[in-house]
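Here's the structure we're looking at; comments come further down.
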Amino acid sequence: MLQLLLLLQAAAPETAAQQGVISYPPSYFAAQQPNSAMDMLSRIPGFSFDAGSSVRGFEGAAGNVLIDGQRPSSKSDDLGSIIQRIPASQVERIDVIRGGAPGIDMQGKTVLANIIRKKGGGRRGMVQASDLHLWDGRDLIGLRADASGGEGRRKWELSLRHGTGLDDGAGKGHGARIYSDGTPTLLTDIDQEGDGRQYVASGSIETPLLWGDLRLNARALDDQFKFEDTTRYRAPATGMEQSVFHQDLVETEVGGRYSRTFGGDTDLELVALRTDRNRITASTFDDGTFSDFTLDRDTSETIGRGVLKHRFSQTLSVEAGGETALNTLASATALRVDGEAIDLPAGNVHVEEDRKEVFAKGTWRATSQLTFDGGVRYESSTITSSGDVQLEKTLRFLKPRMAVTWAPSETRQVRLRIERQVGQLNFGDFVASGNLNNAAGVTAGNPDLNPEQEWVYEAAFEQRFWGSGVVVLTLRHFQITDVIDRGPVFLEDGTVFDTPQNIGDGKRTAIILEYTIPFERLGLKGAQLKGEVRKRWTEVVDPTTGQTREISGIHPLDWQANFSHDIPSWKITWGVDVFGGFRETYYRFDSIENFKLHTYVQAYVEWKPSPQWNVRAELRNLTTRDLRDTFYIYPGAGRTGAPDIDDRLNFDTPGGVSIRIRRNFGA
95 MLQLLLLLQA AAPETAAQQG VISYPPSYFA AQQPNSAMDM LSRIPGFSFD
145 AGSSVRGFEG AAGNVLIDGQ RPSSKSDDLG SIIQRIPASQ VERIDVIRGG
195 APGIDMQGKT VLANIIRKKG GGRRGMVQAS DLHLWDGRDL IGLRADASGG
245 EGRRKWELSL RHGTGLDDGA GKGHGARIYS DGTPTLLTDI DQEGDGRQYV
295 ASGSIETPLL WGDLRLNARA LDDQFKFEDT TRYRAPATGM EQSVFHQDLV
345 ETEVGGRYSR TFGGDTDLEL VALRTDRNRI TASTFDDGTF SDFTLDRDTS
395 ETIGRGVLKH RFSQTLSVEA GGETALNTLA SATALRVDGE AIDLPAGNVH
445 VEEDRKEVFA KGTWRATSQL TFDGGVRYES STITSSGDVQ LEKTLRFLKP
495 RMAVTWAPSE TRQVRLRIER QVGQLNFGDF VASGNLNNAA GVTAGNPDLN
545 PEQEWVYEAA FEQRFWGSGV VVLTLRHFQI TDVIDRGPVF LEDGTVFDTP
595 QNIGDGKRTA IILEYTIPFE RLGLKGAQLK GEVRKRWTEV VDPTTGQTRE
645 ISGIHPLDWQ ANFSHDIPSW KITWGVDVFG GFRETYYRFD SIENFKLHTY
695 VQAYVEWKPS PQWNVRAELR NLTTRDLRDT FYIYPGAGRT GAPDIDDRLN
745 FDTPGGVSIR IRRNFGA
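So the sequence shown is numbered by my numbering: it starts at 95 and just counts up by one.
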């Protein structure tokens, strides 16, 4: 599979760059002294890591990183964690593939990174301990141990992790409830705290089998999260309300991948995967009237996949295959108000989805400057539901894709893409859900959803400068059918609930600017600024008002900037990360929620006295960023008339100082 890439690396560097493959050997990262392959990826100019999607199935969930030319055969073990477990000392090089290369499945991406590991044996290990001390006195401890080894084609990996995490949007603040009927404004003081605990164990083995290679992997996760909110009334009268949200998640996964090469030009890959999840959610709210909501949801996913790949030449390769997946969901929900049960639409259902997909793809490097990467997928899905909702339906979609890359010079590239994408239905939308600590309350389920379908049109321009400097400007437009948003569902007794619905056609446009700016020519050697800005415009017709509005939950603007400075003579790296604030707006049949989170800033310094030891200190949430959550609550079900306003501002979200100590073992 990697034959062409190896040939490209033997060519002159400028030729490899012009043909869309740029290699970064360990020497490129020497000043940084990276611990893992993820540290190396974060420094590659013009590359932004994408962990992939959490959709069902295997084909559509890919991220933008390969390991030895292949995707990991795990889904629940996120791509970032897998890459973090690869020691930097085990990386031979990282190839960045821009636009496509024969023998490489681009996974629908226009830019991929391929981590090539060293072939040698030996054992490697790492232990790590960290403590995040919050200014409110809490200490969040993290422990991690990784080990790997093997010889030749026999390899093994083991990882154990335990940690406590933080909801950094929870803190102290105040609120105001403004009533449209003239009732005096209610002023409140808010005290929130959210944190959780997680245990993770994962492992894999690789071994030769039947003239090929077999990889087996397994993972187990136990995740617990709790959010508490106490709101005290201070004017015009005193009082109190309390809410608690608690979630327990247990997840297991086992999987395997068998790969074999025939004659050097044909590869076979078989993947099998099984994931099981149990999620128990409990939410209570007490303001004199006691409400409690519980959800017990079991899901499973079983995947089988086969792909056959053939390279006709160094400039042309094709692949074809198929995938089958069986997804199941069983849920039980209960809502009680002062002990009295309230019926919920789609509260107790059992859903099965039988998905099948066939696909064919090809990459053709027509000239040294022009590459075509395209394919077509055909998907058929049968969904059945029993319990509160009885239905059966079959969905079929054809999904073509074509990407063209033109590289007129080694420093310039233009990428064009047109593709029909079909989203994967979210099983979480099929059943009722609830969080009683905000005005959104309980949401009904809806198994009778169609997936969103999108025609995507994309154009990207990439310009490289100053050696490691890159600017990439991308324009992306989506024409969407069957937008999934929110709407009302009416019960026979007149009760109305919010529910996910297909609300019609819509569109989304995005402009993305990605940049890497080295500072060496500005007199600061070893320093760089890397970041991105994403601006989005969306449009859909509101099913409640009939007026055009934004699509719920889409951020109009996201941005981040990361400055780092390597000082090898001092054996340190320091930097500042800034993550811009964002806005989310959700439109429901009787309310509009406007959620704003302000800018987050952290500073760090990392000291690497030797290849074995690493100490990192961070100052978290230096801005103690504000969070504002405002609900406009309308009378009735039509969002007409003057709304009541529930405005909550958290201005004291927790910050703190983090210390991490890491010890590496082995080569």
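Every residue gets a Cβ at the ideal spot worked out from N, C-alpha and C, and that includes glycine.
- Fully contained in the stretch 527-602 are the following beta strand (DSSP E) runs of length 3 or more, in chain order: 527-529, 535-537, 547-559, 563-575, 578-584 and 590-596.
- For ASP370, the three-state secondary structure derived from DSSP is strand.
- In its chain, beyond the 5 residues on either side, GLU546, ASN596, ILE597, GLY598, ASP599, GLY600, VAL634 and ILE645 have a beta carbon closer than 8 Å to the beta carbon of VAL577.
- Looking only at LEU743, ARG754 and ILE753, the smallest Cα-Cα distance to GLN286 is reached by LEU743.
- Boundaries of the beta strand (DSSP E) around ALA424: 410-431.
- For ILE177, the enclosing alpha helix (DSSP H) covers residues 173-178.
- By the Cβ neighbour-count rule, PHE555 is exposed, with fewer than 16 other Cβ atoms within 10 Å of its own.
- When the beta-carbon positions are compared, ASP738 and TYR118 stay at least 8 Å from each other.
- For LEU135, the uninterrupted alpha helix (DSSP H) run begins and ends at 131-135, by DSSP.
- The residue from ASP660, GLU712 and GLU447 with its alpha-carbon nearest to that of LEU618 is ASP660.
- Between GLN515 and ASP579, the alpha-carbon positions lie close to 18 Å from each other.
- DSSP places TRP653 inside the beta strand (DSSP E), whose first and last residues are 651-661.
- Only buried fits VAL185, as 16 or more other CB atoms lie within 10 angstroms of its CB.
- Residue ALA264 holds the alpha-carbon nearest to the alpha-carbon of GLY749 among ALA376, GLY193, LEU254 and ALA264.
- Rounded to whole angstroms, the gap between the alpha carbons of ASP723 and GLY267 is 11 Å.
- Following the DSSP letters along the chain, one finds GLU335 inside the beta strand (DSSP E) bounded by residues 333-356.
- In this structure the stretch 164-179 does not touch the stretch 478-487; the number of beta carbon pairs closer than 8 Å is below three.
- Judged by their CB atoms, ARG371 and SER425 are not nearer to each other than the 8 Å cut-off.
- Taking 8 Å as the cut-off, the Cβ atoms of ARG511 and ALA501 do not count as close.
- Beta-carbon to beta-carbon, ARG399 and GLY415 are separated by about 7 Å, close enough to satisfy the 8 Å threshold.
- Under the 10 Å beta carbon count, VAL443 is surrounded by 16 or more other beta carbons and is classified as buried.
- Spanning the alpha carbons of ARG309 and TYR352 requires a straight line of approximately 6 Å.
- When C-alpha distances from THR393 are compared across ASP523, PHE725, LEU410 and PRO705, the shortest belongs to ASP523.
- In this structure, the straight-line span from the alpha carbon of LYS665 to that of VAL699 is close to 10 Å.
- Contact check for TRP653 against GLU626 passes: the beta carbons are separated by less than 8 Å.
- Counting the other Cβ atoms within 10 Å of the Cβ of MET200 gives 16 or more, which makes it buried.
- A residue is called buried once 16 or more other Cβ atoms fall within 10 Å of its Cβ, and ALA131 is buried on that count.
- Rounded to whole angstroms, the gap between the alpha carbons of GLU712 and LYS213 is 35 Å.
- When secondary structure is reduced to three states using DSSP, PRO502 falls in the strand class.
- Just measuring C-alpha positions, the residue of ASN540, THR638 and LYS629 sitting nearest PHE521 is ASN540.
- Within 10 angstroms of the beta-carbon of THR667 lie 16 or more other beta-carbons, which makes it buried.
- Bridge partners of HIS268 according to DSSP: ASP283 and LEU743.
- DSSP links TYR681 through a beta bridge to ILE686.
- Taken atom to atom, the span from the alpha-carbon of GLU687 to that of TYR680 is near 5 Å.
- The residue among ILE397, ALA428 and ARG328 with its C-alpha nearest the C-alpha of GLU417 is ILE397.
- For HIS404, the uninterrupted beta strand (DSSP E) run begins and ends at 384-405, by DSSP.
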